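Residues 30 to 286 in my numbering are what the sequence shown lists, from first letter to last.
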Amino acid sequence: MAPVPSVYPPQVHPRPDQAGQENEQDAPDAPDAYDGPRVLDRREGPYGEVVLRQRGEHFEIIANGCFLMDTSDGRSERLLIDAALAALPAGRERPALLIGGLGVGFSAVRAAAEPRWGRIVVVEREDAVVDWHRTGPLATLSAPALADPRTEIAPADLLTYLREDTGPDAFDALCLDIDNGPDWTVTEDNGGLYSPAGLALCRDRLTPGGVLAIWSAQPSSDFETSLRNAGFTGVRTEEVPVARGVPDVVHLAHKGA
């Protein structure tokens, strides 16, 4: 299987460290400002506030005042899927994939477009995000992927799913994008995913030789060490440079065969 390039051309990707906190004065019925965002939906849930905004032709998701992602590019989210598939042992047929976080749908769409994947489970804890894809504005991006018979949406917190899911014992790849990275979580309890116990859960849900891929808005040598300490092998980081600041990255690691 051909390797995935580790360095891509720079992409323009809004980042919280450039934009600061989001403007809480935006409202669903506010008039459009010049080149400014328009709030399409705002909801409170068990994990706080989540907002869908439109800026020009692109959509943005904001969680608890923190920019998460938008539809302006998506190459690093696609790399998350491509790199995991390329890293799997040769000859593995119809590997099972778990995607942590639906987001704006780039990773799910990429996976569904690849016929080599078998079962595709997308774990998403925010009901609002699922609604935006099923019946809202994001359906224009993801409807074919969600309609693919291999794809299923699991409405659950990722850590809870990894602990309690009664489905198949293991996946061949876990591709996780629920935060801005191990050092920059959306909610405090998400930090448990990157702890020794959380990484052990991930390792236990992988088949022998399976791949863990985690998206991050910045590199972290400390997290690479955490992956090795958790028993993963072949730990490496692939970068996607952005127009300003540090590159987006995908952390990759293998469970031993």
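In this text, a Cβ means the ideal position worked out from N, Cα and C, and glycines have one as well.
Fair warning: this is a prediction, and the values are worked out from it, not measured in the lab.
Classify residue i: buried if its beta carbon has 16 or more other beta carbons within 10 angstroms, exposed otherwise.
{"i": "N209", "result": "buried"}
{"i": "E73", "result": "exposed"}
{"i": "P276", "result": "buried"}
{"i": "E267", "result": "buried"}
{"i": "P124", "result": "buried"}
{"i": "R234", "result": "buried"}
{"i": "G274", "result": "exposed"}
{"i": "G211", "result": "Rather than Gly, the amino acid found at residue 211 in this sequence is Pro. Looking at its Cβ environment, which holds 16 or more other Cβ atoms inside 10 Å, P211 is buried."}
{"i": "G227", "result": "buried"}
CA-CA distance, residue i and residue j?
{"i": "V138", "j": "F88", "result": "16 Å"}
{"i": "V279", "j": "L222", "result": "16 Å"}
{"i": "P166", "j": "E86", "result": "11 Å"}
{"i": "G65", "j": "R82", "result": "10 Å"}
{"i": "E53", "j": "D198", "result": "Note that E53 scores a pLDDT of 40, beneath 50, so its modelled location is shaky; the value from the coordinates is reported in the next line. Using only the alpha carbons, I get a separation of about 43 Å."}
{"i": "D102", "j": "V79", "result": "21 Å"}
{"i": "A157", "j": "F96", "result": "16 Å"}
{"i": "S224", "j": "D186", "result": "16 Å"}
{"i": "L205", "j": "A119", "result": "22 Å"}
{"i": "A59", "j": "D99", "result": "With a pLDDT of only 43 at A59, under the threshold of 50, the placement of this residue in the model should not be trusted, and no figure is reported."}
{"i": "S250", "j": "A172", "result": "37 Å"}
{"i": "T164", "j": "L170", "result": "11 Å"}
{"i": "I91", "j": "C231", "result": "26 Å"}
What is the C-beta distance between residue i and residue j, in whole angstroms, given that I count them as a contact (C-beta under 8 Å)?
{"i": "D201", "j": "L126", "result": "7 Å"}
{"i": "L191", "j": "I182", "result": "Not confirmed; about 16 Å, so no contact."}
{"i": "L114", "j": "R145", "result": "7 Å"}
{"i": "H159", "j": "P184", "result": "Correcting the residue type first, residue 159 is Val in the shown sequence and not His. The pair is a contact, with the Cβ atoms about 6 Å apart (cut-off 8 Å)."}
Under three-state DSSP, which class holds residue i?
{"i": "S12", "result": "Absent from the structure is residue 12, since the part of the chain shown begins at 30 and ends at 286."}
{"i": "P66", "result": "coil"}
{"i": "E138", "result": "Position check: residue 138 holds Val in this sequence, whereas Glu was assumed. The answer is helix: DSSP assigns V138 an H, G or I state."}
{"i": "V275", "result": "coil"}
With 8 Å as the threshold, decide whether the Cβ of residue i is near any Cβ in chain D.
{"i": "G274", "result": "Checking the listed chains, one finds no chain D in this structure; it contains a single protein chain."}
Practice task
Examine the Cβ distances between the segment 125 to 138 and the segment 87 to 106 and report whether three or more of them are shorter than 8 Å.
Solution key: yes
Problem - Cβ contact check for the segment 276 to 285 and the segment 234 to 250: 3 or more pairs under 8 Å - result: yes
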